[in-house]
Amino acid sequence: MRGVMVTLPDSLLEKVRERAARDVRSLKEELQWLIQMALEHLEECEARRQGLPGAGAAGPETHHTHQQGGEHDAQSE
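All residue numbers for the sequence shown refer to our numbering, where the first residue is 1114 and numbers rise by one.
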C-alpha cells in the first residue's frame, strides 16, 4: 500500500471527521471507505448508462439531485 497526500477544503474535512466519529472509524479508515464507496457508485452508474445486464438491480437512486435541492439526506445512502 502506498501513501498519498491529499489536501481537502476545511468544510469537507470537517464533514469527513464528523462521519468518522459517527461511524467509529479513524479518519484514514473513513477516507478509504468513502473513496471505495464513491468508486463503486461511479461504476454502477456507468454500468447503468451502458445498459449492462444486472446493473441497477437495487432499484432507483435515492440521492438528492441539484433539481431536488435541500440538505443531504444521510438516510438516502
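Every residue gets a Cβ at the ideal spot worked out from N, C-alpha and C, and that includes glycine.
- In the structure shown, Leu-1140 adopts helical secondary structure according to DSSP, grouped into three states.
- Assigned with DSSP and collapsed to three states, Val-1119 falls in coil, not helix or strand.
- The closest CA to that of Met-1114, considering only Gln-1145, Asp-1123, Thr-1120 and Ser-1124, is found on Gln-1145.
- Ala-1151 places its beta carbon 7 Å or farther from that of Glu-1143.
- In this structure, the straight-line span from the alpha carbon of Leu-1140 to that of Arg-1130 is close to 6 Å.
- When secondary structure is reduced to three states using DSSP, Met-1114 falls in the coil class, being assigned neither helix nor strand.
- Ranked by how close their Cα comes to the Cα of Val-1119, the residues Ile-1148, Cys-1158 and Arg-1138 have Ile-1148 in first place.
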